[in-house]
Amino acid sequence: MGENESEMVTIHVMGKKHEVPADLTIMKAMEYAGHQFRRGAGCRGGYCGACAAMYRVKGSYKLEGALACQKIVEDGMYIAQIPFSPAEKITYDLSELKPDANTFLEYYPEISRCLSCNTCTKACPQDIEVMDYVQASLRGDVEGAARLSFDCIGCGLCAVRCPAEIVPYNVGQLARRLNSRYVIGPTEHVLKRVGEVEAGEFDADIDELKRSDRKTLQKRYESREVKL
Amino acid sequence: MRLAYYPGCTMKTDAKNFDESTYSAAEALGIELLEPTRWNCCGTVHALAKDNVMNYLAPIRNLIRVEQMNEAELVDDKRVVTQCAMCYNTLKRANADAKADPDKMGKIRDFMEKEPNYQGSVNVVHMLELIKGLGWDEVKSKVVKPLDGLKVFPYYGCLLLRPREYGIDDPDHPTVMEDLFEALGAEVVDNPYKAKCCGAYHAVHLKEVAADLSYRILRQAQEAGADIIVTACPLCQFNLGDRQNEIKKHQREFEGIPVVYYTQLMALAFGKEGTGFEQNIPDPVPVLEEKGLL
């Protein structure tokens, strides 16, 4: 092994053994081992939640969860991707809902089965207090549930681990929607801008963009003002 | 006196008037109630299944939060005050069971892993026990508007009194609410139905059973000449109060009688805002106005 080459570790992907460089993420290690992702990979930056994975490390009984694009492999790791947690996508008209506990119970009645075991919290790769926000929703604390679940990226690991078969990330999303509409309410600057758009203040600019060629668009994109 | 207060979910939803008036009454008595910043379900009926340790996690975690409040010196002692009868019963029993069974406590600790261990130091008390502990003279001294001429029928239900070893009073002949209302200046109407079943969770699947059982209690109160029924449990309150419109459809001779939480009348007698009467069904205001209390 040359000086510049990485140290290698042994991992098991779905039970099959592979030697991979030690400094790779689970996702890159799987690709190194020959897997091609059609699903279960998205932004590769820890933002989208598409690449949930579960693993155990050598000598530990603990079943751990992580985003495959973020977690670095360890020697002796057993890995399985859990890119999707089966859950019904419930539709509702937000304008007809009330921001209270009964709304959560109507759409997700299984939350009343929560045992407060906290397994969801331990499974969360975003370090969210998942159980606390499920509990907040049960008592109609919309603002609390929205605040606590704010960093959720919907990877689904909480739902896979919950012994009460709750789908917490859906509950958190409903909380944030109710919070935006009913607790925070529409903000003035957004209403003002929507008014400007509707009054046609930006129509000329949009038309100009539509007529621009690719080179012009690229130049404008690259020289745009970025506020950080 | 600063004490930890575990409200429970119902106090934040259907029993906001119980929660609000609890704070009002406690304030008048010089008690500052502090909720844990994080709390979860008390465990409800799940925790009463003694053979499943998983069901103990909810109540025990709440008790851990109280220990943490005490360690952080946010509260003056290791008591946690409860108000909802179900929360009281669940926390009290889970606490006693876990402390009495080291094997069970060990399994709970193993499962909770990185979370703090429960040291078993918390004492679960009901608000009525706390008030009784202050002494009836102390309660009397805070009264600014005595409940003169108000005939009060205290109703206990089951969860505050049973099982016997966890009850706040004698399950056959409880008197704590009678003593309280005498201190508040009311006329107490005694009644053999004060610890009978209201129908409890039959309210969900067998409404007619709950309606029938509740009606027996309501009829007794009416026949005894009570002006108002007083409860200490959100489920009793629902079955006796909110269900009256349904009961009236079947019981033509029943006229209806207001049902309130005991803390609501305490807040009234102590001259406090935050009685929460607007949430009660049926409306207790007309009776209280008639008695010159509002």
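Protein chains in written order, with the working numbering: chain A, 1286 to 1513; chain B, 4 to 297.
A virtual CB, placed ideally from N, CA and C, is assigned to each residue, including glycine.
Of the residues A/Glu1483, A/Tyr1418, A/Gly1470 and A/Glu1473, the one whose Cα lies closest to the Cα of A/Asn1455 is A/Tyr1418.
Nearest to B/Val84 by C-alpha distance, out of B/Phe114, B/Ile134, B/Ala7 and B/Trp42, is B/Ala7.
Following the DSSP letters along the chain, one finds B/Thr178 in no alpha helix (DSSP H), marked with neither H nor E. Apart from sequence neighbours up to five positions away, the residues of its chain that approach A/Arg1461 with a beta-carbon distance below 6 Å are Ala1431, ordered along the chain. Close partners of B/Ala61 in chain A (Cβ separation under 7 Å): Leu1400 and Ser1401. In this structure, the straight-line span from the alpha carbon of A/Tyr1363 to that of A/Ile1311 is close to 10 Å.
With fewer than 16 other Cβ atoms inside 10 Å of its own Cβ, A/Asp1492 counts as exposed. Taken in chain order, the whole beta strand (DSSP E) runs of length 3 or more contained in the region 1355 to 1393 of chain A are 1362 to 1366.
If you check the CB distance, A/Arg1398 and A/Ala1444 do not come in under 8 Å.
Under DSSP, A/Met1339 forms a beta bridge with A/Gly1350 and A/Ala1365. Annotated as distal: A/Ala1314 and A/Ala1338, with beta-carbon spacing of 8 Å or more.
Assignment of B/Leu153 by DSSP, reduced to helix, strand and coil, places it in the coil class. Under the Cβ criterion of 8 Å, A/Met1312 is not counted among the residues facing chain B. Within the same chain, and ignoring the five residues on either side of B/Val69 in sequence, the residues whose Cβ sits closer than 6 Å to its Cβ are Ala7, Val83 and Val125. Residue pairing from DSSP leaves A/Glu1292 without any beta-bridge partner. A/Thr1295 and A/Glu1359 have their C-alpha atoms roughly 8 Å apart. Among the residues of the region 1459 to 1471 of chain A, none has a Cβ less than 7 Å away from any Cβ of chain B. In the pairwise beta carbon analysis, the region 108 to 124 of chain B is classified as not touching the region 158 to 173 of chain B: fewer than three pairs are separated by under 8 Å. By the CB criterion at 8 Å, A/Ile1469 and A/Glu1395 fall outside the cutoff. In the same chain as A/Asn1403, and ignoring 5 residues on each side of it, the C-beta atoms closer than 7 Å to its own belong to Met1416, in chain order.
Residues of the region 32 to 61 of chain B with a C-beta atom less than 8 Å from some C-beta of chain A are Arg41, Trp42, Asn43, Cys44, Gly46, His49, Met57, Asn58, Leu60 and Ala61, listed in chain order.
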